[in-house]
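As you go down the protein sequences, you meet chains P and F in turn.
My numbering puts the first residue of the first sequence at 1188, with every later residue one more than the last.
My numbering puts the first residue of the second sequence at 47, with every later residue one more than the last.
Only one structure is covered here, and it is reproduced in the block below.
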Amino acid sequence: MFILREIVMVAMASIRANALRSGLTTLGIVIGTAAVITMVALGEGAQRQVQEQIENMGTNILTVRPGQGFFRGVASGSRRLEEDDALALRDQIGHVYEIAPEIESRYQVTYARSNSSNSIVGTWPSFFSLYSHELEHGRFFDEGEVQGRRRVAVLGSNVPDDLETPGGLLVGRTIQIRGIPFEVIGVLREKGGAMWMQPDDQIFIPLSTAMYRVMGGRDRLRSIYVAAPSPDELDPAWAEIDRVIRREHRILPTEEADFSIQQSSDILETFNETTQTFSLLLAGIAGVSLLVGGIGIMNIMLVSVTERTREIGVRKALGATRKTILFQFLVEALVLCVLGGILGVAGGFGAAELITRLYGSNTAVAAEAVAVALGFSAAIGLFFGIWPARRASILDPIDALRYE
Amino acid sequence: MRNRGRRGQNGSNSETNGVVIHTEGLRKYYILGAETVRAVRGVDLEVKRGEFVAIMGPSGSGKSTFMNLIGCLDTPTGGDYWLNGRKVSELSDDQLARVRNRDIGFVFQTFNLLPRATALHNVELPLIYAGMSSRERRKRAEEKLTLVGLADRMDHRPPELSGGQRQRVAIARALVNDPALLLADEPTGNLDSRTTMEIVEMLAALNQAGQTIVLVTHESDIAAWASRQIHLNDGLVERDFENEGKVN
């Protein structure tokens, strides 16, 4: 329609004629939108990080840990989880599930003149496939080396850095763990960590070697990992594990178990929820600033309507209908808000980038967030523009023409 | 000044029988606090096509209210009003806007031009609200501006024009929709005597070319240019007579 063009042109002309005022008013929307975008980007980034961690931990893995046993309501001391439990699991349900026990301790590791303190993990070869580790150099250890308590080590991807030697050169060399010589047979590809699990910093050795040669006959496992074929089969896996370990520990199904079975990612899910709540809160606060920006728009639109009362009268006398006048002021508010929204989105992108660079926090500007922010600023323009526009539209042309 | 054949469309309208304004018992009462102000108390009036009518009266006589009613800027409390054959006294706000847009051209005492818009854009304004394409709009607006002698001032904004020039822009704007009625409310009230003559002469020439004009004024020497004078007093028509000693 030809009128529409006039409406838009008048709105633009009015904004241009009051450039400073329009700019300052729009600033409220710019800041509001930028804040929303930044906050959502921060939240989104944190969430993605958690998601990544969940994937790193494996979504199909259950962790069996020794837990406190309770007998008639009295804690009876921490029970053990031993290699026998892992063997029983492997014997009875190993054809469906992958099993890997883990014993862990931190020791000094030396190579040539370098030394560092690393977490040493004793486990079975199944551990690598269970967590889908890949090799950068060399090979994993095998069942025979576990049986033979061989002193072989597979290094996490960061360990060569700790020892100040390239991974490729370390394979075949001997390092000392707690003063005990170990042959490096492999270096893992970088995996990334999750919460307390930092496989890139760990050194993996056969379980038997760890128990009898390094940790001095310690037989308490930290945990047993059980991988189900798919995340959907975690429930039957849970039941199977519970059955096997109860039998091993001679605990009746009606009694309190002395171990716990967790899905590693559960903890992260909880963490994820917290993050989500927090980012919602932040976005909410940012949303309030957008709202305040909207009130600024309304204020300036009211001023504009008052200032232009006479113009409104003239336009009405010349044949502008209520709807035309309403649209004219609505479009003006809308243009201000959408303009602010676009600038705000750009600002938000910038701020998110800056935060990533300065603090290294993960940020991710989601396309949805941009759409929502733009939509929201347009909605604010409509919401806060409609009242001033309505006031303009219902002005009596006689009064408006007489207005000085 | 030449007429560009605009009469064709209204003049042949048989329904109107050549009557532009017809009112019966037109009334307008205001409620002001506890008091009811009877601004217009029942006016019967008929203005034929091609007439040049001057409405006169002291302040408080109801002539402004009457003018607002005639100009469809206001709705009457009672009575009926036919404009160009159409009953307009019971129309809605938006319908009245359309009537103002198509059938009435306004000339105000204070010009009421948009200060930021060029003369051309000011004249185009009624056509914009009529939904006309920009090319057609421009053609018509240029035509009317040329008619009022401002062909070389089209791109000037009102603040860059003299009072007389501004009023001529306003006249061009009033004419641009080829209205049935040109309504001038004290059009010379803000002008000096020389410019006043210029504008009055222009109105007279337009009337000569067939334009129906209703002019509200309190100056009898301006009213003397009209072909008919209506004197209002206390909301009623006091005198209504043909102007024998018409100036031109």
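Even for Gly, the Cβ is constructed at its ideal location relative to N, Cα and C.
Cβ of Arg1577 of chain P less than 8 Å from any chain F Cβ? By this cut-off, Arg1577 of chain P is not an interface position.
Run of the alpha helix (DSSP H) containing Arg212 of chain F, from where it starts to where it stops: Element bounds for Arg212 of chain F: Gly209 to Leu221.
Does the beta-carbon distance from Ala1520 of chain P to Phe1571 of chain P come in below 8 Å? Here Ala1520 of chain P is near Phe1571 of chain P, since their CB atoms are less than 8 Å apart.
Compute the Euclidean distance between the alpha carbons of Lys1510 of chain P and Glu1540 of chain P, then round it to the nearest angstrom. If I take the Cα positions, the gap works out to 43 Å.
Cβ contact check for the stretch 1530-1546 of chain P and the stretch 1431-1451 of chain P: 3 or more pairs under 8 Å: Because the criterion of three Cβ pairs below 8 Å is not met, the stretch 1530-1546 of chain P and the stretch 1431-1451 of chain P do not touch.
Note down the Cα distance separating Asp1272 of chain P from Glu1231 of chain P, rounded to an integer number of angstroms. Taking C-alpha positions only, Asp1272 of chain P is separated from Glu1231 of chain P by approximately 41 Å.
Give me, in chain order, the residues of the same chain whose beta-carbon lies closer than 7 Å to that of Gly209 of chain F; leave out the 5 immediate sequence neighbours on both sides. So the qualifying residues of the chain are Asn236, Leu237 and Thr241.
Through-space distance from Pro1393 of chain P to Ile1432 of chain P, alpha-carbon basis: In a straight line, the C-alpha of Ile1432 of chain P is about 23 Å away from that of Pro1393 of chain P.
For the pair the stretch 84-93 of chain F and the stretch 275-287 of chain F, tell me if three or more CB-CB distances fall below 8 Å. They touch, by the three-pair rule.
Outcome for Arg1437 of chain P when other beta-carbon atoms lying within 10 angstroms are tallied against a minimum of 16: Exposed, by the Cβ-count rule.
Alpha helix (DSSP H) segments (min. 4 residues) lying fully within the stretch 1554-1578 of chain P: With a minimum length of 4 residues, no continuous alpha helix (DSSP H) run stays inside the stretch 1554-1578 of chain P.
Cα separation between Ser1209 of chain P and Ile1512 of chain P? Computed Cα separation, rounded: 19 Å.
Simplified DSSP state of Asn1459 of chain P, which is helix, strand or coil: Reduced to three states, the DSSP call for Asn1459 of chain P is helix.
Any Cβ of chain P within less than 8 Å of the Cβ of Ala197 of chain F? Taking Cβ atoms only, chain P never reaches closer than 8 Å to Ala197 of chain F, which makes this a no.
Listed in chain order, which residues of the stretch 1550-1575 of chain P have Cβ atoms closer than 8 Å to some Cβ of chain F? Listed by position, the residues of the stretch 1550-1575 of chain P near chain F (Cβ gap below 8 Å) amount to none.
Would you mind telling me which residues of chain F sit closer than 7 Å to Arg1509 of chain P, beta carbon to beta carbon, in chain order? Going along chain F in sequence order, the residues near Arg1509 of chain P (Cβ under 7 Å) are Asp139 and Asp140.
For the putative contact between Ala1579 of chain P and Val1492 of chain P, defined by C-beta atoms under 8 Å, what is the C-beta separation to the nearest angstrom? Sure, about 4 Å apart at Cβ, within 8 Å.
In its own chain, which residues sit with a C-beta less than 8 Å from the C-beta of Tyr1399 of chain P, not counting the 5 before and 5 after it? So the qualifying residues of the chain are Arg1336.
Gln1334 of chain P (DSSP reduced to helix, strand or coil): In the structure shown, the three-state DSSP call for Gln1334 of chain P is helix.
Please compile the residues from chain P whose C-beta is within a distance smaller than 7 Å of the C-beta of Phe152 of chain F. Correct list: Ala1504.
Against chain C, with Cβ distances strictly below 8 Å, would Val1501 of chain P count as a contact? No chain C appears in this structure, whose protein chains are P and F.
How would you write the range of the alpha helix (DSSP H) that Thr1213 of chain P sits in, first residue to last? Segment Ala1206 to Met1244, the alpha helix (DSSP H) holding Thr1213 of chain P.
Please classify Tyr1284 of chain P: does DSSP put it in a helix, a strand, or coil? Of the three classes helix, strand and coil, the one that applies to Tyr1284 of chain P here is coil, per DSSP.
What three-state label does DSSP hand Trp128 of chain F in the structure shown? It is a strand residue.
I'd like to check one pair, Ala1204 of chain P with Arg162 of chain F: are the Cβ atoms closer than 8 Å? Yes, the Cβ-Cβ distance between Arg162 of chain F and Ala1204 of chain P is below 8 Å.
Do Tyr1318 of chain P and Pro1418 of chain P have their beta-carbon atoms positioned less than 8 Å apart in this structure? Contact flag unset, no.
Starting from Leu1526 of chain P, find everything on chain F with Cβ-Cβ shorter than 8 Å and list it in chain order. Residues of chain F passing the Cβ test: none, with the nearest at roughly 20 Å.
Return helix, strand or coil for Arg53 of chain F, following the three-state DSSP convention. Because Arg53 of chain F sits at a pLDDT of 40, beneath the cut-off of 50, its placement in the model cannot be relied upon, and the point is left open.
Check each candidate in F:Pro104, F:Pro172, F:Lys74 and F:Thr156 and name the one with the smallest Cα separation from Ala1504 of chain P. Among F:Pro104, F:Pro172, F:Lys74 and F:Thr156, the Cα nearest to that of Ala1504 of chain P is on F:Pro172.
Tell me which residues share the same chain as Arg212 of chain F and place their Cβ nearer than 7 Å to its Cβ, disregarding the 5 neighbours each side in the sequence. Contacts found: Phe157, Leu159 and Pro204.
Where in the stretch 61-143 of chain F do unbroken runs of the alpha helix (DSSP H), each at least 4 residues long, occur, reported from the N-terminal end onward? Counting only unbroken stretches of 4 or more residues, the alpha helix (DSSP H) elements lying wholly within the stretch 61-143 of chain F are 109-116, in sequence order.
Going by C-alpha to C-alpha distance, which of P:Glu1435, P:Pro1353 and P:Leu1569 sits closest to Leu1523 of chain P? Closest in C-alpha terms to Leu1523 of chain P, from the list P:Glu1435, P:Pro1353 and P:Leu1569, comes P:Leu1569.
Are Leu228 of chain F and Thr192 of chain F touching if we call contact CB-CB under 8 Å? Thr192 of chain F is positioned such that its CB atom lies no closer than 8 Å to that of Leu228 of chain F.
Contacting residues, own chain, Cβ-Cβ under 7 Å from Arg1544 of chain P (five flanking each side not counted): Excluding positions up to five away in sequence, the list is empty.
Closer than 8 Å to chain F by CB, Ile1218 of chain P: It does not; no Cβ of chain F falls within 8 Å.
Return the residue from the list P:Thr1212, P:Pro1584, P:Val1197 and P:Gln1234 that minimises the CA-CA distance to Leu1478 of chain P. Taking each of P:Thr1212, P:Pro1584, P:Val1197 and P:Gln1234 in turn and checking the Cα distance to Leu1478 of chain P, the smallest one comes out for P:Thr1212.
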